[in-house]
Amino acid sequence: MKIINTKTICRTLLKVFAIAFFAQAAYAEVTLKLGTTGRLGMPIGDAIDQALIPAMEKASGGKMKIEPHYQRSLCSEQKCGEQANQGLIALWTSSTANYGNFGPELAIFDLPFIFKSLEDAKRISDEWLAERQCKLALENAGHICLSVYSSGGFRQLGNATRPVHEPDDMKGLKWRTTKSPVEFMLVKNWGATPTPYDWSQLYQGLQSGVVEGQYVASPWQHVAKLHEVAKYFTEIGGMWSGNILAMDAKQYNALSDQQRKWLHEAADAYGEKVNELDAAWIKNGEDAIKASAKEWYVPTEAEMTKWRAVQSVPG
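Rendered as structure tokens:
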């Protein structure tokens, strides 16, 4: 009678279980947690819901999923980036301006008058400029840029005091700015008094006269109802409202080649959708503002030369 070696059987069973375990792990569902300030009903939130999530589901056959957390429910833009670096979330969205908390690499997108049009901005941010700057962002801050896109298009001037056609018309006006040094110096060089002021208080600030003007992308002006208290608008463009979808590099590198391919397919679909939704959002916002404004002024080319020229004047 043949004696069965129990040690051999145990080793064989362990090998079988190990193979089965790792095979199952290889096909286990991966869920990427996404933190964003965007919300449903606006381009970023809707593009996540309508493009990023379903594109990931389709590309991966359900093996990778996006778990979205909208409207600051997990974190603000800066905190989302920090949480990504800590491994608490995988994906996050941010304005290129607020990415400045991690490094200056994406600040180039916020420089005035580098893009001639929204189409120009979309093309360049899809191609070499984003590729170059995102490579630097990866090296210096550990974030992978998956998509660079518009969130509101170009900023436009709005004020509660008087028509503004050229920079000299801004002299003496208290102009709300963010904490961006680029914006602060731009407004100062145009002749206004730059006044850093909280976004959440801007409506009341314009209403009370604490500040008299602001330089914000038109659909955001509409969302915040600033056109109710600021009736004079000037379409100068200049600063583009860039945003990014990013991922922590350590978590990205832990994905397989196939999983990274799925992720980039989904991110590309998201980028296309968010730009499409954003274009409609810009038009709808500007149409609504124009309907109630005392003036929506489009400068002549000679006047635009003056707006562009002062950006290089030392403060």
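Heads up: the sequence shown at position 4 corresponds to 209 in the numbering used here, and the numbers run straight through without jumps. Yeah, the Cβ is synthetic: ideal placement off N, Cα and C, and Gly gets one too.
Asked: For Phe359 and Met247, the rounded distance between their alpha carbons; Found: 17 Å
Asked: C-alpha distance - Lys478 paired with Gly243, whole-angstrom precision; Found: 14 Å
Asked: Contact check, Ser356 vs Asn448, beta carbons under 9 Å; Found: yes
Asked: Test item: CB-CB of Leu450 and Gly476 under 9 Å; Found: yes
Asked: Inter-residue Cα distance where the pair is Ile329 and Gln338; Found: 12 Å
Asked: 9 Å Cβ cutoff met for Trp501 and Lys495; Found: yes
Asked: Start-end ranges of the alpha helix (DSSP H) lying completely within the region 321-397, minimum 4 residues; Found: 323-331, 333-346, 386-395
Asked: Buried versus exposed, by CB contacts within 10 Å (16 or more), Gln419; Found: buried
Asked: Separation of Leu293 from Met261, as counted between CA atoms; Found: 20 Å
Asked: Rounded straight-line distance, which links the Cα of Ala484 to that of Ser265; Found: 29 Å
Asked: Span of the beta strand (DSSP E), counted from its first residue to its last, around Tyr502; Found: 500-502
Asked: Three-state secondary structure (DSSP) of Tyr437; Found: strand
Asked: Nearest neighbour of Arg513, chosen from Lys270, Leu316, Asp251 [CA to CA]; Found: Leu316
Asked: Closest residue to Pro399 among Arg367, Ser405, Phe389 (Cα-Cα distance); Found: Phe389
Asked: Asp492 classed as buried or exposed, judged by whether at least 16 other C-beta atoms fall within 10 angstroms; Found: exposed
Asked: Buried versus exposed call for Gln426 [16 or more other C-beta atoms within 10 Å across all chains shown]; Found: buried
Asked: Ala231, DSSP secondary structure in three states; Found: Here the model assigns Ala231 a pLDDT of 47, short of 50, so the residue's position is not dependable and the matter cannot be decided.
Asked: Inter-residue Cα distance where the pair is Leu245 and Gln276; Found: 8 Å
Asked: Beta-ladder partner(s) of Asn303, from DSSP; Found: DSSP lists no partner for Asn303.
Asked: Run of the alpha helix (DSSP H) containing Ser446, from where it starts to where it stops; Found: Per DSSP, Ser446 belongs to no alpha helix (DSSP H); it is in the beta strand (DSSP E), 445-453.
Asked: Distance, Trp395 Cα to Leu257 Cα; Found: 40 Å
Asked: Delimiting residues of the beta strand (DSSP E) encompassing Pro521; Found: Nothing about residue 521 can be reported from this structure: the residues present for the chain run from 206 to 520 only.
Asked: Through-space distance from Gly377 to Ala474, alpha-carbon basis; Found: 46 Å
Asked: Element boundaries [alpha helix (DSSP H), containing Val421]; Found: Element bounds for Val421: not the alpha helix (DSSP H) but the beta strand (DSSP E), 418-422.
Asked: Boundaries of the alpha helix (DSSP H) in which Gly243 is found, first to last residue; Found: Where Gly243 is concerned, there is no enclosing alpha helix (DSSP H), given that its DSSP letter is neither H nor E.
Asked: Expected contact under 8 Å - CB spacing of Ala295 and Lys384 to nearest Å; Found: In fact, because the Cβ distance is near 28 Å, the residues do not count as touching under 8 Å.
Asked: Alpha carbon of Thr505 to alpha carbon of His370, nearest angstrom; Found: 9 Å
Asked: Burial state of Ala252 (16 or more Cβ within 10 Å); Found: buried
Asked: Candidates Asn480, Val503, Gln406, Lys488, of which the one nearest Gln255 by Cα; Found: Asn480
Asked: Cβ pair Leu351, Ala435 closer than 9 Å; Found: no
Asked: 6 Å CB neighbourhood of His348 in its chain, flanking five on each side removed; Found: Ala342, Ala451
Asked: Whole-number beta carbon distance between Tyr402 and Gly410, since they are thought to touch under 8 Å; Found: 6 Å
Asked: Gly240 burial status per 10 Å Cβ neighbour count (16 or more: buried); Found: buried
Asked: Val479: first and last residue of the uninterrupted alpha helix (DSSP H) it sits in; Found: 462-497
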